[in-house]
Structure formats: structure tokens, C-alpha cells
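Asker: Just so we're aligned, residue 260 is where the sequence shown starts under the numbering used here, counting upward by one.
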Amino acid sequence: MDFEKITNPLMTAFKEDQIRNHGPSHITDLIIITIKCLMPSEEELGVNIDYRRYEEEIKLWEYYRRGENNSLINILGDIDPHIYWNGRDDTAILRMLPIVLANKDYLILREEAIKNVLFSTGNIETIMEALLVAKLLYLILVDTEDICHHLKQEIINLSQVDFMDRYQNRFRAPIGAYDGQFSIDFERHKIHALNILNSSRSQWFESLQDCMKVYLDNLSGDSIIGSSLESYLTGQNIGETKLANYYAGLAIYICNLRRGRIDPNALKIDRYDLPDVFQFDEGDVFFHSLLNKSKVIKKEITSEGLIIYLSTKLGIYKFIK
260 MDFEKITNPL MTAFKEDQIR NHGPSHITDL IIITIKCLMP SEEELGVNID YRRYEEEIKL
320 WEYYRRGENN SLINILGDID PHIYWNGRDD TAILRMLPIV LANKDYLILR EEAIKNVLFS
380 TGNIETIMEA LLVAKLLYLI LVDTEDICHH LKQEIINLSQ VDFMDRYQNR FRAPIGAYDG
440 QFSIDFERHK IHALNILNSS RSQWFESLQD CMKVYLDNLS GDSIIGSSLE SYLTGQNIGE
500 TKLANYYAGL AIYICNLRRG RIDPNALKID RYDLPDVFQF DEGDVFFHSL LNKSKVIKKE
560 ITSEGLIIYL STKLGIYKFI K
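(1) Specify the secondary structure class of SER284 as computed by DSSP and reduced to three states.
(2) Are there three or more Cβ pairs, one per stretch, closer than 8 Å when the region 364-384 is compared with the region 306-313?
(3) For LYS318, which option in HIS448, ALA389, CYS514, LEU549 has the closest C-alpha, if you only look at C-alpha atoms?
(4) With a threshold of 16 other CB atoms inside 10 Å of the CB of ARG520, please say whether the residue is buried or exposed.
(5) Taking the continuous alpha helix (DSSP H) assigned at ASN504, which residues delimit it?
(6) Which parts of the region 310-374 are runs of the alpha helix (DSSP H), unbroken and 4 residues or longer, counting only runs that do not cross its ends?
(7) Using the three-state DSSP reduction, which class does GLY564 fall into: helix, strand or coil?
(8) Just curious, the beta strand (DSSP E) that ASN307 is in, first and last residue?
(9) Starting from the C-beta of ALA272, find all residues in its chain whose C-beta is less than 7 Å away, skip the five residues before and the five after it, and write them out in chain order.
(10) How is GLY439 classed by DSSP in three states: helix, strand or coil?
(11) Which of helix, strand or coil does DSSP assign to PHE430?
(12) Could you check what DSSP says for THR266 in three-state terms: helix, strand or coil?
(13) Find the nearest neighbour of ASN542 within the set GLY564, ASN551, THR561, LEU569, judged by alpha-carbon distance.
(14) In terms of residues, what are the limits of the alpha helix (DSSP H) holding LYS411?
(15) Taking a contact to mean a Cβ-Cβ separation below 7 Å, would you say PRO523 touches GLU303 in this structure?
(16) Helix, strand or coil for LEU456, going by three-state DSSP, please let me know.
(17) If I measure Cβ to Cβ from PRO299 and keep anything under 6 Å in the same chain, skipping five residues before and after, which residues do I get?
(18) Classify VAL544 as helix, strand or coil using the three-state DSSP reduction.
(19) On the three-state DSSP scale, how would you describe VAL555?
(20) Closer than 7 Å by C-beta to ASP532: which residues in its own chain qualify, once you throw out the five before and the five after it? Chain order, please.
(21) Between LEU269 and ALA510, is the Cβ-Cβ spacing less than 7 Å?
(22) Which residues mark the beginning and the end of the beta strand (DSSP E) in which TYR531 is found?
(23) Near SER379, which residues of its chain fall below 7 Å by C-beta distance, leaving aside the five closest residues on each side in sequence?
(24) Quick one: give me the first and last residue of the beta strand (DSSP E) that LYS577 is part of.
(25) Shortest alpha-carbon distance to LEU478 belongs to which of GLN427, GLU563, THR403, ARG325?
(26) Kindly indicate which three-state DSSP category LEU377 falls into: helix, strand or coil?
(27) Roughly how many whole angstroms lie between the Cα atoms of SER442 and GLN419?
(28) Give the straight-line distance between the Cα atoms of TYR426 and ILE434, rounded to the nearest whole angstrom.
(29) Pair every Cβ in the region 381-393 with every Cβ in the region 465-476, then say whether three or more of these pairs are closer than 8 Å.
(30) In this structure, how does DSSP classify SER466 when only helix, strand and coil are distinguished?
(31) If I follow the unbroken alpha helix (DSSP H) through LEU202, where does it start and stop?
(32) Let me check understanding here. Comparing Cα to Cα, which of GLU388, ILE406, TYR505 lies closest to LYS449?
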């Protein structure tokens, strides 16, 4: 598989986020957190997510976040079931990118994709849309023909009973608090998804519709204009903007994960050392399991609150309390 075919979608996602939001937003933050928590499996040829680390990364993200949505804020404290079941997390689909790009085995990819969406939202439409977009990108990466047929089979074979049996322990709010009838809404959204895959326009699954338009336009040779996920799937115009070396390094890192070149033992955190970063003064150097060696380069009190700037191996962080 071409190196660019793996790196381009991820690097372009970072670029698109910066363009649309005039700098990195919570979308970039969550993609990076997902990458940092990828862990090669010792039992099978695949890459999973270390959810102990994911939880700690999200707790830390609260203080340096560059944006937010209701679903993400909801999981920082006591979870509101209404937000969990109804909230639309705009990072969910893009969090699929590192999961898809790091895995060659679709069954492992599928499992990790669903679990990762459920970490922040139980919204049925978001779950199905993220799954279908993840499979679409996977099928493009492996040069599969008749992609629409494979996507239809994915949604047709998505059994509500199997889904509940397999993933209800991943729900972060009681299913009894779901506002409506989960089983009926589950089947209704399957129909909406199939309609879109049969080329019908709908108010549902807007990102999936964008992605399918990109895919079908590419097949027909038509020009693509204005699709919100165009660059995520095609990796177009990468050379037009110089991306930060850090982002390029993340893309290379995912390639190495996919190729099995990363030793899981090098990524394991056996004991979490998570000091309160706000306790340190300017000039202090300390170790943090998620940030590694860090140095306080500035600390001040402003109208925003207590602010501390940390220099780490990953760059400069601005924490606000």
C-alpha cells in the first residue's frame, strides 16, 4: 500500500481543521488523543485503544482544550443521560481516521470504531454513520470494488440484538434513560442509511452523504466541489500547505503501527504518575505520564483564570484553571 494513501487523509484532516477553525480545535485535540492511545495488540495482528489512558487523556484535555461540544463536556463529569443518548459529537467520525489507518484487519477496526464512538455518545445516527464512514475509508484503502454493495451489507447485517449483547457494557448511561424506544429508532436509522446508500437525499447522515458523493464523483471523473469530507477521503492538495512536522510525524507513526513496527511494551504505562500541573512554579521541571518531561515556562493569573504554559516533547501546552 502506498505510504501517501495512509498519511494523506490524516494530515489533511489536521489541515482542514486549522483552516475551518482558524487554528487547531477540539477536533484536532481528539484525533491526537486517539492516536496517543493506540496500542498494538499482543494477541492479534491489530491495533486497539488503551481506554485507561484515554480516560486520563480526556481528563487532562479539559484544561488545555481548544474548543468543545456538549458530548465531550458531558463525559468530563457526571454524565447526563439525555446528552449522552442525543448529543452529536462532531469529533466522532474524524476519530475513526487513526483507527482505520492503523488497522489492516476490518473486524478489529470495526470493534474499535464502535467502542470509541460509545465512549462519548450513544447517539444511534452517530454510531451508524461513523461505522459506515470508517468502512468506506477502509474499502478505499484496500482498493475494494463495488463499495456501495459492501456498505449496504454492513448496515443490513447490523443486528440490533447482537449490538446490544456485545456493546451494552460500553454504554456510559443507562439504556433505560433513553428518550424513546431504542429498538425502533435503531431499525429506523438503518432504513435511513440504506436509503442514502441507494442514492436518496435525506436530512439524516449528512457526513455519510458527503462521503458517498466524493466517492461516486471520483468514480465518474466529475470534479468535486465543496464536500466537507472531501480531503479526508481523497487527500487532495496536500502539497499546497506545509503541515507542521508534528502532524507529519503522527502520520508516520500510524504507518509504523499499521506495519507492526511499534513494540507495545514501549507504549505501556505500568504506573500512572499524574501530578497536578498547576502546583508547579515557573522554571519547575517535572515528569507526567501523559506529558512526559515537562517544564513550566510561564504562570500567571488573568481574567481567564490561572494559566500555566508547559514545554513538553509534544510542544507548548496552555492549561487554564
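C-beta atoms are modelled at their ideal positions from N, C-alpha and C, and glycine is treated no differently.
For clarity, every value in this text was computed on a predicted model and none was experimentally measured.
Answerer: Taking the geometry as given:
(1) Mapped onto the sequence shown, residue 284 falls at position 25. Three-state result, SER284: coil.
(2) yes
(3) Residue numbering aside, residue 318 sits at position 59 when the sequence shown is read from its first letter. It is LEU549 whose Cα lies nearest to the Cα of LYS318.
(4) Here residue 520 corresponds to residue number 261 of the sequence shown, with the count starting at 1. Flag for ARG520 reads exposed.
(5) As a working mapping, residue 504 is identified with position 245 in the sequence shown. Here the alpha helix (DSSP H) through ASN504 covers 504-517.
(6) 310-323, 329-333, 340-345, 355-361
(7) As a first step, residue 564 is located in the sequence shown; it is residue number 305 there, counting from the start. Three-state DSSP puts GLY564 in a strand.
(8) As a working note, residue 307 is residue 48 in the sequence shown. It spans 306-308 - the beta strand (DSSP E) in which ASN307 sits, taken as one unbroken run.
(9) Numbered from 1 along the sequence shown, position 13 holds the residue referred to as residue 272. Answer for ALA272: ILE290, LEU353, LEU356, TYR491, listed in chain order.
(10) Counted from its first residue, the sequence shown places residue 439 at position 180. In the structure shown, GLY439 sits in coil (DSSP, three-state: anything other than H, G, I, E or B).
(11) In the sequence shown, counting from the first residue as 1, residue 430 sits at position 171. Residue state, collapsed to three classes: coil.
(12) Counting from one through the sequence shown, the residue named residue 266 turns up at place 7. Three-state DSSP puts THR266 in a helix.
(13) Here residue 542 refers to the residue found at position 283 when the sequence shown is read from its first residue. According to the sequence as given, residue 542 is Gly; it is not Asn. Nearest of GLY564, ASN551, THR561, LEU569 to GLY542, Cα basis: LEU569.
(14) The residue you call residue 411 lines up with position 152 of the sequence shown. LYS411 -> alpha helix (DSSP H) spans 406-415.
(15) In the sequence shown, residue 523 corresponds to position 264, counting from 1. In the sequence shown, residue 303 corresponds to position 44, counting from 1. Contact flag unset, no.
(16) On the sequence shown, residue 456 is found 197 positions in, with the first residue counted as 1. If DSSP states are grouped into helix, strand and coil, LEU456 belongs with the helices.
(17) Translated into the one-based positions of the sequence shown, residue 299 becomes position 40. These residues qualify, in order along the chain: VAL306, ILE521, PRO523.
(18) Translated into positions along the sequence shown, residue 544 becomes position 285. Of the three classes helix, strand and coil, the one that applies to VAL544 here is strand, per DSSP.
(19) Within the sequence shown, numbered from 1, the residue matching residue 555 stands at position 296. Looking at VAL555 - three-state DSSP - the assignment turns out to be strand.
(20) Numbered from 1 along the sequence shown, position 273 holds the residue referred to as residue 532. The answer, listed in chain order, is PHE546, HIS547, SER548.
(21) Locating residue 269 in the sequence shown gives position 10, where the first residue counts as 1. Locating residue 510 in the sequence shown gives position 251, where the first residue counts as 1. In this structure, LEU269 places its C-beta atom within 7 Å of the C-beta atom of ALA510.
(22) Here residue 531 refers to the residue found at position 272 when the sequence shown is read from its first residue. No beta strand (DSSP E) contains TYR531, which DSSP labels as neither H nor E.
(23) Position 120 of the sequence shown, counted from the first residue, corresponds to residue 379. Here the set comprises SER330, LEU331, ILE334, ASP348, ALA351.
(24) On the sequence shown, residue 577 is found 318 positions in, with the first residue counted as 1. Start and end: 574-579.
(25) Here residue 478 corresponds to residue number 219 of the sequence shown, with the count starting at 1. It is THR403 whose Cα lies nearest to the Cα of LEU478.
(26) In the sequence shown, residue 377 corresponds to position 118, counting from 1. In this structure, LEU377 counts as helix in the three-state DSSP scheme.
(27) Taking the first residue of the sequence shown as 1, we reach residue 442 at position 183. Taking the first residue of the sequence shown as 1, we reach residue 419 at position 160. Between SER442 and GLN419, the C-alpha separation is close to 7 Å.
(28) Counted from its first residue, the sequence shown places residue 426 at position 167. Counted from its first residue, the sequence shown places residue 434 at position 175. Distance between the alpha carbons of TYR426 and ILE434 is about 11 Å.
(29) yes
(30) The residue given as residue 466 occupies position 207 in the sequence shown. It is helical.
(31) The displayed coordinates of the chain run from 260 to 580. Any statement about residue 202 would go beyond what the structure contains.
(32) One-based indexing of the sequence shown puts residue 449 at position 190. Closest option to LYS449, Cα to Cα, is GLU388.
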